[in-house]
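For the sequence shown, the positions run 595 to 792 when this note's numbering is used.
Even glycine gets a Cβ: it sits at the ideal position worked out from N, Cα and C.
Since the model is a prediction, treat every value here as computed from it, not as a measurement.
Down below is the structure, laid out as structure tokens.
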Amino acid sequence: MWTNPRTSSPKMWSASNPPPQSSHRSSQSISNSISTSISQPQTQTPSQSQSQSQRQTQTQPLPLSPTIFSRTGTVIPTQKLKNQGKRIAQIVKLKPDCVEKYKDCHARVWPEVLKQIKECCIEDYSIYHDPSTNILFASFKYVGYDYVGDMERMRENPKVREWWSLTDSYQESLVEGSTGSTDERGWWKGVDEVFYVA
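The following block contains the structure:
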């Protein structure tokens, strides 16, 4: 005698009237199925594998670089690293009778000149005077990436050219054949660095 789980009263089954096959899988069958799925990993189709690879790629961060591209293909410029700077030193001779005039004009440098100096990537600019020889020694740091181009832009500024015309009249160049600060040979003579400690 078996009890029919769908009724509250027991029902007699016989060989001519067997119990119906249960639609539920037996616990043994379920256990076997679980064991099989664990021991035999599922294989992925090429399309499934490609889809999973795409999802992994989308979650990975983009590498840092000077220029990167967005997912839509738009160029995203990154911040340009600042140049650590190149130290430059120059000398010129000051006329003995123009010392005070030169010092006086540099006590009130024109704003347009100062602005152009900054825009041409020049920093830490100093000028020193040796009274015994009347030599002017200038030192500055260039932090740009195109020194020749920046100096050309400096030379093209009308206000800077006017300033140079004034200061050149107080000086004597040590550059052979130079006619002034607008001369491509230069007006201030470059000198070599022989020692430096940070």
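- Using a C-beta cut-off of 8 angstroms, the stretch 745 to 752 makes no contact with the stretch 694 to 702, since fewer than three inter-stretch Cβ pairs fall below that distance.
- Within the same chain, and ignoring the five residues on either side of residue 689 in sequence, the residues whose Cβ sits closer than 8 angstroms to its Cβ are 728, 764, 765 and 766.
- For the pair residue 762 and residue 781, the CB atoms are nearer than the 8 angstroms cut-off.
- DSSP places residue 747 within a helical segment (H, G or I) once states are collapsed to three.
- Proximity to residue 742 across 754, 759, 715 and 731 peaks at 715, based on C-alpha coordinates.
- In chain order, 749, 755 and 758 place their CB closer than 7 angstroms to the CB of residue 776, counting only its own chain and leaving out the 5 sequence neighbours on each side.
- The beta carbon of residue 679 sits closer than 6 angstroms to the beta carbons of 735 and 737 from its chain, once the five residues preceding and following it are set aside; these are given in chain order.
- Excluding the 5 residues flanking it on each side, residue 779 has same chain C-beta neighbours closer than 7 angstroms at 769, 771 and 772, in chain order.
- Secondary structure of residue 717 (DSSP, three-state): strand.
- For residue 768, the secondary structure class from DSSP, reduced to helix, strand or coil, is coil.
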